[in-house]
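In UniProt numbering, the protein residues as written are 1 to 319.
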Amino acid sequence: MFTVAGEVLEELCGQMGIRDPREVEEFALFLIRGEGELVRPLWPHEYLNSVMVHQDVSLHSRRLGWETPLHFDHPTYIDTHYGQVLRDYLQGKLMASAQEEPQLARLAALQHLGRAIKSPPSEKDLLAYIPKPLQWQVNMATMESLMGQELRQLQGRSSQEAQISFIGGSGTRGLWGKGWRGLPASLALGNEAGQVPEVSSCPALLRPEATSQLPLFGYTVYVVLRVSKLVLPGPALLGLNRKHLILMDPSSQKLCCSIALKDLQRLHLLSPLEEKGPPGLELNYGSADSPQTIWLELPQAQELQNTIIFLLNDSTSST
């Protein structure tokens, strides 16, 4: 039996209780090669038997769009979204701040409760609950004290309630609508009009210290080593969704650049500038009267190019 990617995606979404075709379109199947390397999103019409021809190839589903309301009314839905957001958070891709210790402690406590562990967290556990780039920037004694306070306040919370709270529940509409620290409301979750998704079927006792408050929530994030137009003290974070591509400086947590996908004219993959260095991606954008160019250097340049093309086609087909 020949199966296309779109059918598999519909089945996966059905297992999460997703019935709205618009929400199904916000997910994509990625082809993975080797040690978890994301290669590219699959087009809905692609036959799996034509791409699954190598032993080291597998598939991974990911939510790329977050415009439709989140509805935490199905266990698989909760697990899937929590897993994706948690991975991005712990890798430092949502851009949490070491200075926001109460928020880090809250999210650490929610992770611990999300594991349904009754015993107090060990020091090793606590360290693992903190985003990797921040682990050596926080005061562990302070974090241990704050996390203890949070666990006492959250006593009685179920593992699923903790996972929902980690993502964000009631009250997050106002947070998203305001944008976040230099990220305009029009870019919050990449919505052109600044509209943000509602979160339904959530416990009313949720607090705003959630990952949905972080600047790159709702984006697929890449670490960019060099950018042609920016002089930064370290790598930048590139956020990509169905409307925008943005670049942020993790050290200052400020927005450096924003490009609407509809303004992109051409994408060109660049060879590495140095031997054994990462490839690059050149973006031509803007109007004919005011053309602009920017290039990015990152290991996942080809994946980024493929994902942008996928999102551009998705945006065109849905309008």
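We treat Cβ as the ideally placed atom computed from N, Cα and C, and that holds for glycine.
With C-beta atoms as the reference, is residue i less than 8 Å away from residue j?
i      : j      : result
Pro121 : Met147 : yes
Glu303 : Trp295 : no
Leu113 : Ser159 : yes
Gly239 : Ser251 : no
Leu107 : Ser61  : no
Leu64  : Leu311 : yes
Leu42  : Thr3   : no
Leu59  : Ile78  : no
Met248 : Pro278 : no
Leu261 : His244 : yes
Ala210 : Ser165 : yes
Gly168 : Gln111 : no
Cys256 : Leu225 : no
Kindly indicate which residue of the options has the alpha-carbon position closest to the one of residue i.
i      : options                        : result
Ile259 : Pro235, Asn284, Leu273, His74  : Asn284
Lys134 : Ser165, Leu154, Leu94, Gly156  : It is worth fixing the name first, because residue 134 is Leu in this sequence and not Lys. Closest option to Leu134, Cα to Cα, is Leu94.
Ile18  : Leu261, Asp73, Asn139          : Asp73
Glu100 : Leu232, Ser61, Met143, Pro21   : Met143
Glu150 : Gly168, Ala105, Asn139         : Ala105
Glu67  : Pro21, Thr307, Gln265          : Pro21
Phe217 : Val53, Leu12, Leu90            : Leu90
Gln15  : Met52, Arg40, Tyr129, His81    : His81
Glu161 : Ala116, Gln137, Lys124, Arg152 : Ala116
Gly280 : Pro291, Gln305, Gln137         : Gln305
Tyr219 : Gly156, Ile308, Gly34          : Ile308
Glu46  : Gly6, Glu123, Lys254           : Gly6
What residues match up with residue i in a beta bridge as DSSP calls it?
i      : result
Phe30  : Pro41, His60
Gln292 : Tyr285
Gly239 : Val221, Ile246
Glu297 : Arg226, Gly280
Cys257 : Leu247
Leu269 : Leu281
Residue range of the beta strand (DSSP E) that residue i falls in?
i     : result
Val85 : Per DSSP, Val85 belongs to no beta strand (DSSP E); it is in the alpha helix (DSSP H), 75-90.
Looking at the unbroken alpha helix (DSSP H) that takes in residue i, where does it start and where does it end?
i      : result
Val231 : Val231 -> no alpha helix (DSSP H), and no H or E assigned at all.
Asp249 : It is not in any alpha helix (DSSP H) - Asp249 instead sits in the beta strand (DSSP E) that spans 244-249.
Lys262 : Note, Lys262: premise wrong, no alpha helix (DSSP H); not H, not E.
Gly6   : 5-15
Pro21  : 21-24
Leu48  : 48-51
(message) As an exercise, report each continuous beta strand (DSSP E) stretch of at least 3 residues that is fully enclosed by the UniProt domain "FERM central" (68-167), in chain order.
(response) none
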